[in-house]
Structure formats: structure tokens, C-alpha cells
Amino acid sequence: MDGDLIHKILDYASSRSKFAEARYMDLVVNQVGFRNGEFQGLNFGSEHGYAVRVVNRSISMAYSDSNDWNRVKESIDRAIEKSNFEGKNRIYEGNPIKDTWKVKASKKLEDYSIEDRVAIVRENDAAMESSGAAVRVNSMVDKQINQLYVNSTGSEIRGEISRLFYFYLVGVVESGEFEQSTEQFGSSSGFEYIEKLDLRDRIEQDINELHQSAAAPRINPGKFDIIVGPEISGIVAHESCGHPTEYDRIIGREGAQAGESFLTGKEFPLRIGSPVVNVVDDPTMDGSFGFYKYDDEGIPSRKRYLYKKGETNEFILNRESAAQLGIESNAGGRSSSWNLEPLARMSTTYIEPGDYKFDDLFDGVRRGVYIKSFTEWNIDDIRFNEKYVGKEAYLITDGDISGRVRRPTIETNTIKFYSSVDAIGNDLQFSAGMCGKGDPEQGVDVWMGGPHMRLREVYLQ
Amino acid sequence: MTLFDLDKAMNKLKSRGFDEYATELSSSRIEQVRFSRNSKDLYNIWDNSTLVIFASRGKRTVTTSVKDPGRLDSSIELLWELAGKIPENPSFVGINPEPQESYRVEKLAGIDYDLQDLSQEIVNSSLEAGAERAAGLLYNRANTVEVRTKYNQCTYTTGGLEVVIRSFKGNDTGQEGRHFGLKEKVDAGKISEIGCQSAEPLSLPTVRVELNPGKYDVLMSPYVIGNLMSYSSSFLSYYSVETGLSCFSESMNKKVSSSTFTLVDDPIDSMGVGYRACDDEATSTGLNVLIENGILRNYMHSFSTSVHAGTRTTGNAGILTPGAWQLKILPGAESAAKMISELDEGILINNCWYTRYQDYRNAIFSTVPRDGAFYVKNGEIQGSVTGIRISDSIPNVLSGITGISRETKNVKWWEEIAASNMPYILSEKIGITKSF
Numbered sequence: 001m002d003g004d005l006i007h008k009i010l011d012y013a014s015s016r017s018k019f020a021e022a023r024y025m026d027l028v029v030n031q032v033g034f035r036n037g038e039f040q041g042l043n044f045g046s047e048h049g050y051a052v053r054v055v056n057r058s059i060s061m062a063y064s065d066s067n068d069w070n071r072v073k074e075s076i077d078r079a080i081e082k083s084n085f086e087g088k089n090r091i092y093e094g095n096p097i098k099d100t101w102k103v104k105a106s107k108k109l110e111d112y113s114i115e116d117r118v119a120i121v122r123e124n125d126a127a128m129e130s131s132g133a134a135v136r137v138n139s140m141v142d143k144q145i146n147q148l149y150v151n152s153t154g155s156e157i158r159g160e161i162s163r164l165f166y167f168y169l170v171g172v173v174e175s176g177e178f179e180q181s182t183e184q185f186g187s188s189s190g191f192e193y194i195e196k197l198d199l200r201d202r203i204e205q206d207i208n209e210l211h212q213s214a215a216a217p218r219i220n221p222g223k224f225d226i227i228v229g230p231e232i233s234g235i236v237a238h239e240s241c242g243h244p245t246e247y248d249r250i251i252g253r254e255g256a257q258a259g260e261s262f263l264t265g266k267e268f269p270l271r272i273g274s275p276v277v278n279v280v281d282d283p284t285m286d287g288s289f290g291f292y293k294y295d296d297e298g299i300p301s302r303k304r305y306l307y308k309k310g311e312t313n314e315f316i317l318n319r320e321s322a323a324q325l326g327i328e329s330n331a332g333g334r335s336s337s338w339n340l341e342p343l344a345r346m347s348t349t350y351i352e353p354g355d356y357k358f359d360d361l362f363d364g365v366r367r368g369v370y371i372k373s374f375t376e377w378n379i380d381d382i383r384f385n386e387k388y389v390g391k392e393a394y395l396i397t398d399g400d401i402s403g404r405v406r407r408p409t410i411e412t413n414t415i416k417f418y419s420s421v422d423a424i425g426n427d428l429q430f431s432a433g434m435c436g437k438g439d440p441e442q443g444v445d446v447w448m449g450g451p452h453m454r455l456r457e458v459y460l461q
Numbered sequence: 001m002t003l004f005d006l007d008k009a010m011n012k013l014k015s016r017g018f019d020e021y022a023t024e025l026s027s028s029r030i031e032q033v034r035f036s037r038n039s040k041d042l043y044n045i046w047d048n049s050t051l052v053i054f055a056s057r058g059k060r061t062v063t064t065s066v067k068d069p070g071r072l073d074s075s076i077e078l079l080w081e082l083a084g085k086i087p088e089n090p091s092f093v094g095i096n097p098e099p100q101e102s103y104r105v106e107k108l109a110g111i112d113y114d115l116q117d118l119s120q121e122i123v124n125s126s127l128e129a130g131a132e133r134a135a136g137l138l139y140n141r142a143n144t145v146e147v148r149t150k151y152n153q154c155t156y157t158t159g160g161l162e163v164v165i166r167s168f169k170g171n172d173t174g175q176e177g178r179h180f181g182l183k184e185k186v187d188a189g190k191i192s193e194i195g196c197q198s199a200e201p202l203s204l205p206t207v208r209v210e211l212n213p214g215k216y217d218v219l220m221s222p223y224v225i226g227n228l229m230s231y232s233s234s235f236l237s238y239y240s241v242e243t244g245l246s247c248f249s250e251s252m253n254k255k256v257s258s259s260t261f262t263l264v265d266d267p268i269d270s271m272g273v274g275y276r277a278c279d280d281e282a283t284s285t286g287l288n289v290l291i292e293n294g295i296l297r298n299y300m301h302s303f304s305t306s307v308h309a310g311t312r313t314t315g316n317a318g319i320l321t322p323g324a325w326q327l328k329i330l331p332g333a334e335s336a337a338k339m340i341s342e343l344d345e346g347i348l349i350n351n352c353w354y355t356r357y358q359d360y361r362n363a364i365f366s367t368v369p370r371d372g373a374f375y376v377k378n379g380e381i382q383g384s385v386t387g388i389r390i391s392d393s394i395p396n397v398l399s400g401i402t403g404i405s406r407e408t409k410n411v412k413w414w415e416e417i418a419a420s421n422m423p424y425i426l427s428e429k430i431g432i433t434k435s436f
């Protein structure tokens with residue numbers, strides 16, 4: 001790893017600031033894809049550079065990809081000059097830490113050949129074709145990140161992270177009706193993750209379900225008891241718990257972009273829903289897509305309960321928002337590249353599993369819908385008014401599945417959703433995603449998850 | 001300033017034996033001020049240079065980005081090695097070999113703006129117009145791009161000023177997101193005025209109106225239609241047509257919208273930050289009429305997709321995936337105010353976000369209004385509506401257009417709206433759903 005200038009940068013910035021930090025990131029990325037049986041070429045690249053933060057009367061950051069000290073210094077000088085103008089300038093400094101860490105990978109990215117990468121994607125494209133898909137898009141990205149973080153309190157942390165991401169989009173036509181599915185998989189590990197995924201089986205199963213869903217009838221709108229699958233529990237945990245508890249949103253830092261939070265201006269703890277609901281964000285899960293031992297601001301990671309027994313409990317904090325709250329950062333500061341500021345971000349956000357076996361959730365459901373997975377979704381900018389459109393879904397009559405339905409839609413709000421939960425399954429599962437935030441927009445790697453859950457009296461359209 | 005020697009890069013690509021190759025060197029200096037709750041959060045400065053190399057051995061295509069000039073030779077060697085190990089890319093026909101007679105290169109340079117002062121002025125403007133607090137950002141960008149291919153080369157500078165401000169009052173919000181290219185320096189007063197404009201929705205009737213889901217006439221602001229066009233522009237890329245994910249497949253020279261609607265891609269307008277003189281394979285850019293008076297006249301093409309379609313490239317490469325540079329909906333004759341006054345019953349929506357598709361092929365989507373949605377009856381705004389969505393399809397929105405304003409705005413906002421120029425659009429019988 002290069003980054004030879006980092007100590008010179010820190011010394012220079014520290015001597016001119018109340019607090020300074022420097023981060024060097026080297027990012028190597030490979031991407032291969034197939035579209036409808038055609039290889040789409042190989043993309044690979046190396047990105048590296050310095051991010052320097054200085055705090056004086058306000059906060060400034062300089063980003064440079066140069067190894068020429070004079071050029072880097074010019075940007076830092078500009079940042080220091082601007083930091084002497086008025087603005088917000090509180091930042092959590094914490095204690096100095098010196099450490100080195102790396103992601104565990106038994107099949108290292110660098111040991112996997114390009115032919116091996118192509119073979120994986122080609123096989124999945126072939127599986128789609130043989131299952132009768134009309135549209136096939138497959139893409140696999142792997143990246144190796146080497147990072148060195150230093151700050152003026154004396155911290156020096158080196159991290160090595162390898163991550164894999166697989167995306168596919170598949171579409172089928174059945175009786176003239178088009179139905180699509182997109183799925184994402186990711187992990188902080190080596191290629192052993194992809195090998196264990198059984199992607200071919202998952203894809204074939206997905207396409208089979210799409211054929212049947214395309215031909216299924218719509219439901220008549222009304223109130224139903226519903227059982228949602230882990231994929232939906234996960235997206236709900238992410239969108240209507242993780243995002244609104246990012247403290248920078250609560251205090252308006254993202255107001256003109258991703259928005260504020262329905263928690264803005266509220267007193268805490270605030271009841272969000274049923275006491276059976278606990279939502280966790282945990283960056284310490286080995287192998288998870290959002291795994292890290294230290295965040296990108298050099299803070300040691302830990303598990304955080306965001307909603308506990310149906311009430312707000314803890315917020316996601318980076319150094320800046322922790323200082324605004326007047327407490328320690330809990331290691332939510334993440335940046336997806338060398339040239340982007342660390343923001344308060346999620347890692348692996350999930351609804352904690354309960355005691356119910358899957359079959360037991362159906363007990364007592366006289367008229368219901370089981371929505372196993374979703375397709376379209378969105379949520380308003382305060383993370384309150386949300387929509388999830390079912391992909392694979394079934395009617396439930398007197399506790400039994402009684403037929404498939406097409407695209408049932410939950411359009412509700414956060415309080416109503418969590419308040420309707422009365423039983424939580426014991427079958428925790430995760431899916432991967434790229435979470436967007438910030439300006440310039442930066443996508444960070446996350447998992448989201450949960451078990452099956454039962455909700456009472458939810459209006460479906 | 002960059003240390004890359006492009007002559008050396010091109011010579012190396014040639015001598016190594018690549019059949020086709022293109023390089024794009026982008027050197028940028030960007031400043032940004034972010035603010036919220038009326039005060040500055042952060043000043044950012046970027047100094048970046050990236051060289052992107054596309055090369056092919058026959059139909060085997062590889063792309064890489066290089067940051068370090070010292071790694072140029074080894075990167076090209078690695079490209080050569082990897083290109084020998086991958087399958088052919090049947091979609092790739094070649095890089096546009098036609099000599100480009102001229103490029104519409106404007107003599108542009110970076111413009112100095114004092115973002116610190118401007119940010120405070122724009123916040124003050126918002127507060128004076130009635131906001132309780134404001135959040136937003138300003139960007140000042142200057143980006144010099146040098147594209148070289150085996151056949152052509154072009155250098156141009158683009159960038160400009162971007163202003164985003166959101167005004168808050170209680171639970172109500174208003175937002176503006178504007179862009180100004182490098183053609184001329186924008187007067188500070190004009191920039192400051194954007195703060196005031198962002199607060200205008202805060203003075204509209206705030207009494208809540210409960211609406212039933214159903215079909216409504218919807219007057220979409222430049223931000224709403226800008227968002228929908230940004231999220232659906234890929235349907236007009238021939239790449240999406242070939243993939244099977246476009247609602248405009250098999251629609252050439254057919255009616256795809258109301259006859260009042262004309263959509264163009266205009267990358268040669270340097271009044272906007274979407275200006276660019278050439279595409280990624282050094283094809284000269286120009287005005288591309290996509291939909292003319294309701295008729296689909298063209299897709300967006302690179303050289304490769306144009307050969308597949310039996311037509312000429314439109315200068316929209318992405319060598320493999322063509323896309324839009326700077327969309328414009330041509331203005332109509334009426335004022336937005338008159339469009340509201342003549343609306344018997346409908347909804348005025350100021351902004352939207354989080355547009356997502358459940359069906360790309362038929363462009364069935366929903367999007368979430370923000371920064372003000374208002375119920376209009378007998379030409380007057382009655383009150384605001386919350387908790388709703390536009391839930392419909394792009395073909396239906398386009399075919400339902402009955403009015404286009406004469407006013408347009410250069411709109412750009414975050415990842416939600418790409419640089420574009422958009423009017424107000426009135427579209428009838430649009431699906432509105434709501435939360436229960």
C-alpha cells in the first residue's frame with residue numbers, strides 16, 4: 001500500500017488545526033457481467049487518494065489523489081483557510097487507538113482468476129436461459145480495500161477489507177404478462193461466499209416463482225393479517241428504523257438530500273411499535289457485507305439496539321453527529337471511497353428474531369396474505385410513509401396457503417407497520433444492498449435482515 | 001493539472017496490439033459548501049485526475065481506470081493480458097471510426113464563486129421569505145476532459161455552479177435545485193433569489209385535504225417531471241431496448257406521448273452543467289431529438305448500438321451503454337400560473353423522490369412527492385395533501401399530457417434529477433395512491 005505522504009499530511013494539518021485526521025484508501029475493483037447470454041466486457045480499476053479533515057472555527061475536508069506533496073498541500077491549505085470561517089465545528093475526538101485488522105477470507109480475491117470470475121457469471125446466465133427467462137442481466141463485483149487512518153490524537157489504524165457483490169435482474173413473460181426480479185448478494189470475505197451461495201438453485205427457483213406470479217390474480221383491496229418474509233423484514237428494518245435513527249438526519253445534516261427523520265424534534269424514548277420489536281445494527285458480524293472492526297473514522301465498532309421493545313433506543317453516530325449529541329461515537333462513520341466524507345451509516349440492520357416457528361405464524365390467520373419477497377419499494381424522506389410491493393405472495397385461508405396472488409401492495413407508515421407486528425419468527429435471514437446517502441452520493445455495502453413476522457389488520461391494495 | 005502523457009498512452013495501446021482503444025482523461029477541481037439549520041456544516045475541496053482506458057482485442061473488451069501515471073505501462077500490460085482471457089463481447093462493434101469534422105467546443109474556464117458568502121446569502125434569502133430553517137449545498141466545478149480514440153480526439157471543459165436549497169417551516173418544505181454552466185458567471189443576486197424561491201411553497205395554504213386514491217390531473221413541477229425523465233431516460237437508450245427493458249421498444253416513428261410533447265437531449269448547451277462536446281468515443285455531440293410532437297424519432301446510440309440498429313450514432317456513448325447528457329422538454333405556450341388557474345380539479349406537486357419500478361418493460365413505477373403537494377379545485381389551491389404517491393406508468397404519464405408551461409428551469413438535484421431543463425407539465429388521469 002502506498003500512502004507515503006500520510007504522516008506528513010497529518011503533521012502539517014495538525015499544526016494548523018484544533019483537530020485533524022487523514023485517511024488513505026487504495027481500492028481495487030473488478031467487475032464482470034453478462035446480458036442475455038452476451039459477455040459485457042471486463043471492468044477493473046484502481047482508485048487511491050487522501051482525505052484530510054481539519055477542524056477550526058468550522059470543518060473542512062480536502063481530497064487529493066496526487067503523490068506530489070506541493071499539490072496535496074495546496075488543497076490542504078485551502079481547506080484550512082476555509083475552516084477558519086464560521087460554521088459548525090464540534091467533533092468527537094475520543095481516545096488514541098493503534099491497531100491493524102483485516103477481513104477473513106479463505107479464498108482470497110487475488111487468487112481467483114478472471115476465468116474463474118467469468119465462469120461464475122456465465123453459469124448463472126445459462127441457468128436463467130434454461131429456466132425460460134426473457135431478460136437476463138448478471139453482474140459480479142469484487143473489491144479489495146486497503147486503508148490507513150491517522151488523527152491528531154495519535155490514532156493509527158490499518159485495515160484490509162475484501163468484499164464481493166452479486167446482482168442479477170431477471171424477467172419472464174407468462175400469458176403476455178411481464179414479471180421481473182432483482183436480487184443482490186454480498187459479503188465481506190473471499191470467493192468462498194459465492195461458492196456457498198448456490199446461486200444457480202436460487203435463480204432457477206426465482207424464475208419458476210416469477211412464471212407463476214405473472215399468471216396469478218390480484219387481490220381485492222382490504223384489511224388482511226399478513227405474514228412477511230425475511231426479505232421484507234430486512235428492508236423495513238433498513239428503511240424505517242436504520243435511516244431515521246441516523247443522527248445526522250435527525251439534526252438536519254441531510255435535509256436537502258436524503259431528508260430528515262420523523263424522529264426530528266421528538267423526545268426520546270419514543271414508542272415506534274409493538275413491544276415485541278427489537279431492531280439492531282451490528283457491524284461486528286463476521287462475513288456480513290457491512291462488516292468492519294473500525295469505522296472509517298477510527299472508532300471501534302459495536303452492536304447497537306436502535307429500537308428496543310418497540311421504542312427508540314440508540315442512534316447511529318459518526319464523530320460529527322456524536323459531538324452534536326454530546327456523547328461518544330458508536331462507530332457509524334462510513335465512507336465508500338477515499339474522496340467522500342464519512343457519514344452516519346448503517347452496517348447490518350435487522351429485526352431481532354423471536355420464538356415463533358414459521359408454521360406457527362399461520363395459526364389463527366383466518367383471512368390473510370403471505371408476502372414472501374418484494375419488488376418495487378419506496379419511502380418518504382422522513383422515513384415514515386412507505387410502500388412495499390409483493391413479488392412472491394399467497395393468500396392464507398384459515399391458517400393455510402390457498403393460492404398465489406400478484407403484486408399485493410403494503411402502503412402504510414412506520415408506526416402503523418411496527419405496531420401491527422404481533423409475532424416474530426425464529427428464522428433470521430439477510431440480504432445485501434447498496435445504501436445511498438450523502439452528496440456526492442455514496443453507496444455503502446450493507447446487509448439487512450430479519451425473520452418472518454406476522455402483522456394484524458394491514459390494509460393491502 | 002495532470003501528469004498523464006496521453007501521447008504515450010495512445011502509442012502504448014497501439015504498439016501493444018489492441019485493435020480499438022479510447023482514453024478519457026478527466027481532471028477536475030471541485031469546491032462544495034454544505035449547510036443545514038442555517039449554518040455551514042462542511043467545506044469540501046477535491047483535486048482529481050482519472051484516466052479511463054477502453055481497449056479491445058477483436059471483440060474482447062476491457063476497461064480500466066488509472067490514477068497513478070507511474071502505473072500506466074503496467075495497467076496497459078494488464079489490460080492486454082486480461083483481454084486475452086475473457087470471452088468476446090458480441091455487442092461491441094468498434095469505436096466510431098468516422099472522422100469528426102468539428103466539435104462544438106466552447107472556450108470555457110472555471111469561474112470563481114465565493115461559496116461561503118453565497119451559502120449564507122441564500123440561507124438569509126430563504127429565512128426572509130418565511131422559512132424557519134434551511135439546508136442545502138453549493139458546488140463549483142471545473143472539469144477538463146480529453147478524449148482520444150484511434151480515430152479522433154477532443155478536449156473540452158465543463159462544469160459550473162450547482163445550488164440546492166431546501167426551506168423548512170414546521171412540517172412543510174420547499175426546495176430548489178438549479179445548475180448554471182460555465183458560459184457565464186451568475187450574478188450573486190440571482191443565486192440568492194433561489195433561496196427565496198425555495199420558500200414559496202411555505203406560503204401556500206397548509207390546511208390538510210384528505211384525498212381518496214384514484215385518477216387525478218396532476219400538474220408536475222420541473223422537479224417532478226425532471227425526476228421522472230431522469231429515472232426513465234434509460235428506456236430511450238438502445239442498450240435498454242436490446243436488453244428487453246424498455247417501454248419504447250418497437251416504437252420508432254410511432255406515437256408514444258401526447259402530440260404537444262417534445263423531448264431532446266442537448267449536450268451542447270453550455271448554460272447547463274450537462275454540457276459536453278463529445279461522447280466517450282470522441283463522437284461530436286449535438287441536439288438529439290428523441291420524441292418530437294409525440295412521435296418517437298430516435299434512441300440514444302453509441303457507434304456499436306447504432307450499427308445494430310442500422311442507423312448513425314447520436315453521440316451518446318458510453319461505448320457499450322449509451323445514455324443521456326442533458327435532457328430538455330421543449331416549452332409550451334402557457335404560464336404555469338395560468339395552468340393552475342385553468343385546472344378544474346387536480347394536484348400540484350412540487351418535487352418527488354425515490355422513484356422505483358416494479359416493471360421496467362412497461363415502466364410501471366411509483367414516486368413519493370415531497371416539498372409540497374397541493375389540491376387544486378376550480379383553479380385555486382385549496383390545501384396540501386400528504387401521504388400520497390404517483391403510482392402509474394411512464395407511457396400513461398406521457399400520453400396524458402395536456403399542458404406544458406412556457407417557463408422552464410435548469411434543474412439538477414442529487415442523484416434524483418440529472419442536469420436537465422424542464423417546464424411544468426400537466427398530465428391527466430394519473431394514478432394517485434395513499435398510505436393507510
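One line per chain: the protein sequences are A and B, in this order.
Under my numbering, the final residue of the first sequence carries the number 461; numbering is consecutive throughout.
Under my numbering, the final residue of the second sequence carries the number 436; numbering is consecutive throughout.
Backbone N, C-alpha and C define an ideal beta-carbon position, used for all residues, glycine too.
Being a predicted model, the structure only gives us computed values, none of them experimental.
In the three-state DSSP reduction, VAL29(A) falls in the strand class (E or B). Of the residues GLY160(B), GLU184(B), SER203(B), the one whose Cα lies closest to the Cα of GLY174(B) is SER203(B). For PHE165(A), not one C-beta of chain B is nearer than 7 Å to its own C-beta. For TYR370(A), the uninterrupted beta strand (DSSP E) run begins and ends at 367-371, by DSSP.
Within its own chain, the residues whose Cβ lies closer than 8 Å to the Cβ of ALA214(A), once the five positions on either side in sequence are excluded, are VAL172, VAL173, GLU174, SER175, GLU177, PHE178, GLU179, ARG406, listed in chain order. The Cβ of LEU42(A) sits closer than 7 Å to at least one Cβ of chain B. ARG276(B) has no beta-bridge partner at all, per DSSP. One alpha carbon belongs to GLN100(B), the other to THR23(B), and they sit about 16 Å apart. Here the region 199-215 of chain A makes contact with the region 115-127 of chain A; the two share three or more CB pairs at distances below 8 Å.
Within a 10 Å sphere around the beta-carbon of PHE268(A) sit fewer than 16 other beta-carbons, which makes this residue exposed. Inclusion of ASP296(A) and GLY333(A) in the CB contact set at 7 Å is warranted, their separation being smaller than that value.
When C-alpha distances from ARG271(A) are compared across GLU123(A), ARG218(A), GLU156(A), LYS308(A), the shortest belongs to LYS308(A). For the pair VAL369(A) and GLN382(B), the Cα-to-Cα distance works out to about 38 Å.
Our two residues, ASP7(B) and TYR103(B), have alpha carbons roughly 20 Å apart in a direct line. Note on GLY17(B): under 16 other CB atoms within 10 angstroms of its CB, so exposed under the neighbour-count rule.
For TRP377(A), the neighbours in chain B by C-beta distance under 7 Å run, in chain order, ARG356. In the three-state scheme derived from DSSP, where H, G and I count as helix and E and B as strand, ALA83(B) is classed as helix.
Residue pairing by DSSP places ALA51(A) opposite ARG23(A), TYR63(A) in a beta bridge.
At a C-beta separation below 7 Å, ASP359(B) has these neighbours in chain A: PHE178, GLN180.
Check the Cα spacing between PHE262(A) and each of SER155(A), CYS241(A), VAL277(A), VAL276(A): the tightest is with CYS241(A). Scanning the region 248-318 of chain B for uninterrupted alpha helix (DSSP H) segments of 4 residues or longer gives 303-309, listed from N- to C-terminal end.
Between THR349(A) and chain B, the shortest Cβ-Cβ separation is not below 7 Å.
Three or more beta-carbon pairs drawn from the region 46-58 of chain A and the region 72-80 of chain A are found closer than 8 Å, and the two stretches are therefore classed as touching.
DSSP, reduced to helix, strand and coil, places VAL276(A) outside both helices and strands of the structure shown, so it counts as coil. Measuring C-alpha to C-alpha distances from THR262(B) to each of LEU245(B), SER237(B), ILE268(B), VAL289(B) identifies VAL289(B) as the nearest. Only residues of its own chain outside the window of five on either side were considered, and among them LEU211, PRO213, GLY214, LYS215, TYR216, VAL218, ILE347, ILE388, ARG389, ILE390, SER391 have a CB closer than 8 Å to the CB of ILE432(B), listed in chain order. TRP101(A) carries a strand assignment under DSSP once its states are collapsed to helix, strand and coil. GLN442(A) sits close to LEU340(A), with the two beta carbons spaced by under 7 Å. Judged by DSSP in its simplified three-state form, ASN146(A) adopts strand. In the DSSP annotation of this structure, the continuous segment of the beta strand (DSSP E) that includes PHE168(B) starts and ends at 153-169. If you check the CB distance, GLY332(B) and ARG406(B) come in under 7 Å. A contact between stretches requires three or more CB pairs, one per stretch, nearer than 8 Å, and the region 243-254 of chain A meets this requirement with the region 33-42 of chain B. Scanning the region 181-254 of chain B from its first residue to its last, the whole beta strand (DSSP E) runs of 3-plus residues come out as 214-220. Annotation: ALA419(B) to ASN316(B) spans about 15 Å, alpha carbon to alpha carbon. The C-beta of THR355(B) has 16 or more other C-beta atoms within 10 Å across all chains shown, which makes the residue buried.
Among the residues facing chain A, LEU348(B) is not included, as its CB has no counterpart in that chain under 7 Å away.
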